[in-house]
Amino acid sequence: MKTQIKFWKNNRSLIIFIALMSVFRSAVADWYEVPTGSMRPTIEVGDRVLTNKMAYDLRLPFTHIPLMKLGDPQAGDIIVFDSKKADNRLIKRVIGVPGDTVSLEDNELIINGKKLNYARLHSNLGSLDKIENLNGHKHSIRVANRASRLAGFDKITIPNNYYLAMGDNRDNSADSRVIGLIPRSEMLGKAERVIVSLDYDNYYLPRTDRLLKALE
Numbered sequence: 003m004k005t006q007i008k009f010w011k012n013n014r015s016l017i018i019f020i021a022l023m024s025v026f027r028s029a030v031a032d033w034y035e036v037p038t039g040s041m042r043p044t045i046e047v048g049d050r051v052l053t054n055k056m057a058y059d060l061r062l063p064f065t066h067i068p069l070m071k072l073g074d075p076q077a078g079d080i081i082v083f084d085s086k087k088a089d090n091r092l093i094k095r096v097i098g099v100p101g102d103t104v105s106l107e108d109n110e111l112i113i114n115g116k117k118l119n120y121a122r123l124h125s126n127l128g129s130l131d132k133i134e135n136l137n138g139h140k141h142s143i144r145v146a147n148r149a150s151r152l153a154g155f156d157k158i159t160i161p162n163n164y165y166l167a168m169g170d171n172r173d174n175s176a177d178s179r180v181i182g183l184i185p186r187s188e189m190l191g192k193a194e195r196v197i198v199s200l201d202y203d204n205y206y207l208p209r210t211d212r213l214l215k216a217l218e
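Counting in my numbering, the sequence shown runs without a single skipped number right up to 218 at its last residue.
Below is the structure:
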């Protein structure tokens, strides 16, 4: 007992700091290390992304239990969520919200009967980057020159408390086209900014052009 008391006295500040930081990361904000290219060109492999965990709900720390609703995910938001179907933590873009009717034809979205506007950016090896205008929210997407089986799906209507989410790298993303609609209860927060980015193909050197880069 004396040893425990002595340990507490000697390390009290550190223990309190670790406890507060753990609560902060659990309920307020955290970072997510992106392991795949499913959100290219918006997010690169090696990005550490800041996630605002209070964007939609105030949750009981260390749980998924909501205490208070703070907002609703919007089309265009980039979300981080714990997918039970994928058995993994994923990062994707919200495409459709409850009540929306969505379909995809040749990698072009039709939402509530209206086809989105697209503008060509530039070609890459085997792919093409475009600007997608999602109800006024403009962002970059990447599509393969040869459309994959993911390039289309029939019209669906999104029920309450579910969302349709897709990766910006449209032909290389296991998203709602693979795992189904995303329950709101699985969402951890909104990805807002790249904190730091490490180039895994270049000795893990930081990409200075991505430091504190806002996500669109």
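Note that the Cβ used here is the ideal one computed from N, Cα and C, for glycine as well. These figures come from a predicted structure and were not determined experimentally.
Straight-line CA distance for residue i to residue j?
i: Met189; j: Leu130; result: 30 Å
i: Leu136; j: Gly73; result: 19 Å
i: Pro43; j: Gln6; result: 52 Å
i: Gly154; j: Glu107; result: 5 Å
i: Ala77; j: Gly191; result: 14 Å
i: Ser105; j: Leu152; result: 12 Å
i: Gly169; j: Lys94; result: 5 Å
i: Ala216; j: Leu60; result: 23 Å
i: Val57; j: Asp89; result: Before going further, note that residue 57 is Ala rather than Val in the sequence given. Going from the Cα of Ala57 to the Cα of Asp89 covers about 23 Å.
i: Val180; j: Asn12; result: 52 Å
i: Asp84; j: Leu92; result: 6 Å
i: Asn162; j: His124; result: 37 Å
i: Val36; j: His139; result: 23 Å
i: Lys86; j: Phe19; result: 32 Å
Under DSSP, the alpha helix (DSSP H) around residue i begins and ends at which residues?
i: Ser129; result: Ser129 -> not in any alpha helix (DSSP H); beta strand (DSSP E) instead, spanning 129-136.
i: Ile181; result: 178-181
For residue i, collect the residues of the same chain with a Cβ closer than 8 Å to its Cβ; drop the 5 residues on either side in sequence, then sort them by chain order.
i: Arg212; result: Glu46, Asp49, Val196, Val198, Ser199
i: His141; result: Thr44, Gly78, Arg95, Ile133, Glu134, Asp170, Glu218
i: Lys157; result: Thr103, Val104, Ser105, Ile112
i: Pro208; result: Val198, Ser199, Leu200, Asp201
Applying the 10 Å Cβ sphere with the 16-neighbour rule, what's the burial state of residue i?
i: Ser175; result: buried
i: Leu118; result: exposed
i: Ser178; result: buried
i: Arg148; result: exposed
i: Met23; result: exposed
i: Leu52; result: buried
Which residue comes first and which comes last in the beta strand (DSSP E) that contains residue i?
i: Glu218; result: Looking at the DSSP string, Glu218 is not in any beta strand (DSSP E), and its letter there is neither H nor E.
i: Met56; result: Here Met56 belongs to no beta strand (DSSP E), and DSSP marks it neither H nor E.
i: Ala88; result: Per DSSP, Ala88 belongs to no beta strand (DSSP E) and is neither H nor E.
i: Gly191; result: 189-201
i: His124; result: 119-126
i: Ala146; result: 139-146
i: Leu69; result: 68-71
Near residue i, what residues of its chain come up, given a Cβ to Cβ distance below 7 Å and the 5 sequence neighbours on each side ignored?
i: Asn114; result: Asp102, Thr103
i: Ala227; result: Outside the shown range of the chain (3 to 218) lies residue 227, about which nothing can therefore be said.
i: Asn109; result: Val145, Ala149, Ala153, Arg172
i: Gly128; result: Ala146, Asn147
So, for residue i: in the same chain, excluding its five sequence neighbours on each side, which residues have a beta-carbon less than 6 Å away from its beta-carbon?
i: Tyr206; result: Leu200
i: Phe64; result: Ser28
Cβ-heavy atom distance between residue i and the ligand FAD below 7 Å?
i: Gly115; result: This structure simply doesn't include the ligand FAD, nor any ligand for that matter.
Below 8 Å on the Cβ atoms is my guess for residue i versus residue j; work out the distance and round it to an integer in Å.
i: Ile219; j: Val99; result: Missing from the structure shown is residue 219; the chain here goes from 3 to 218 and no further.
i: Lys55; j: Ala21; result: 17 Å between Cβ atoms; not a contact.
i: Ile97; j: Leu166; result: 5 Å
i: Ile80; j: Ala193; result: 4 Å
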